[in-house]
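Below: one structure, written as structure tokens.
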Amino acid sequence: MKIAAVLAVISISSLSIYLALAGRLSDRAPVAEVNGSPITVKEFRSELERQRASVIDSFRSLYGAEYGSHFWQTSYNGETPEAAVKKRALDDIVKFKVELGLAEQHGLVQGTSYEDLQREMAKENGLREAALKAKQPIYGPVRLDESAFRNVYISKLRINLKEMLSESELKASDEEVKRFYEQVKGTPFIDEDRIRFQKISVSYRDAKSGGSGDQQKQAAKKLLDVIRQRADQGKPMSEAAKAQQTDIAGSLIRYTEEELNANTAGSYFKTQPTLFSILAGGLKAGEFSGVFDEAIRGEYVFIQITGREAFGYTSFDNVENDVRKSYVDQAYAAYLTKLADEARVEINAKYYARISMP
């Protein structure tokens, strides 16, 4: 009788384990396909984590939603944060897959799957580790996490794609480029304004690993929001930063006084593109920017303009190459949007529905 009872317990336990495993989605299960390229459960969940913080911030600002145990499944104005984050994740992966597919068509990559991306990341990190051992210069962190690698990887592919497509699909006549210049010369082709500004930044990138977790990003954003509120209330920028000077979850506060001019514009454009676009956007002396994410540097930032002196527009002849580059940038973005809109996206409704936010 005792042996039979033990066997019965083992059988029940084994059945419970089997049912639990059977109900668990495999990491390789296809949530959707984009032009035939699968989006696996693991890839989709990784993208959900990338979108997590922005959706939490969005629902907090729109509805005053507090993050807690039931946050993701609570309905706000007929929409749940879980539905929103899944849609954002899917939309972003579709765009990413379309761009990778374009790179594959032009012979720049050998595959567009999540496993292909993981292999490329391992290869890149191996090269960085080898360079470190050989005491060679390394640009950026020693080891890239998935989010940072994806940005670096797609940025390199994008440069080559723009160059290739500028001779085919995106090729523009001289007349088209001149018309483009007349439309946009008020922003990027000013004969560099001299713009002085104060800047406060909070890093969310771990100094040791070079990675950035969701908690680090949320802590950095929350910290800078507090500093921004102090500045709004009239506290000088330097004092607002000093009042919160601390190191929270790897988030280091930095206050600087800087200037955009003819000599520094190129550097800002390459290394701090979001800041550059905000400076070119027409903020007046005394005005603050909103808090923004400078992803290349792994930090949240806001600025206050302290002085601005305009010098007029640069003639087309002096900036023709830059105008053509800007034209291609804008045309490329529009081309990708068109390809994403036309992409064949097939969702596996059964698997998509079973993925939930923890």
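Numbering of the sequence shown is given in this note's numbering, commencing with residue -7 and proceeding in unit increments. We put the beta carbon where it would ideally sit given N, CA and C, even for glycine.
When DSSP states are grouped into helix, strand and coil, Arg20 belongs to the coil group.
A straight-line Cα-Cα distance of about 9 Å links Arg16 and Arg346. Per the coordinates, the alpha-carbon of Ala212 lies some 22 Å from the alpha-carbon of Pro350. C-alpha of Leu252 to C-alpha of Gly290: approximately 21 Å in a straight line. The DSSP-derived three-state label of Gly118 is helix. Between Tyr344 and Val169, the alpha-carbon positions lie close to 44 Å from each other.
Under the DSSP assignment, Val194 falls in the beta strand (DSSP E) whose first and last residues are 186 to 195. At a Cβ-Cβ threshold of 8 Å, Ile192 and Ala140 do not count as neighbours.
Secondary structure at Ser29: strand, using DSSP grouped into helix, strand and coil. With a cutoff of 8 Å on beta-carbon distance, Asn152 and Leu100 are scored as near each other.
8 Å or more divides the Cβ of Leu149 from the Cβ of Ala114. When DSSP states are grouped into helix, strand and coil, Ile288 belongs to the coil group. Residues of the same chain with a CB within less than 7 Å of the CB of Leu162, apart from the 5 flanking positions on each side, are Val320, Ala323, Tyr324, Tyr327 in chain order. When DSSP states are grouped into helix, strand and coil, Leu92 belongs to the helix group.
By the CB criterion at 8 Å, Thr266 and Phe284 fall inside the cutoff. Counting only the Cα atoms, Ser29 lies some 43 Å from Arg220.
Excluding five sequence positions before and after Ser281, the CB atoms of its chain that fall closer than 6 Å to its own CB belong to Ile270, Phe294, Ile295, given in chain order.
The alpha carbon of Thr248 has as its nearest neighbour, out of Gln264, Ala254, Lys330, Met229, the alpha carbon of Met229.
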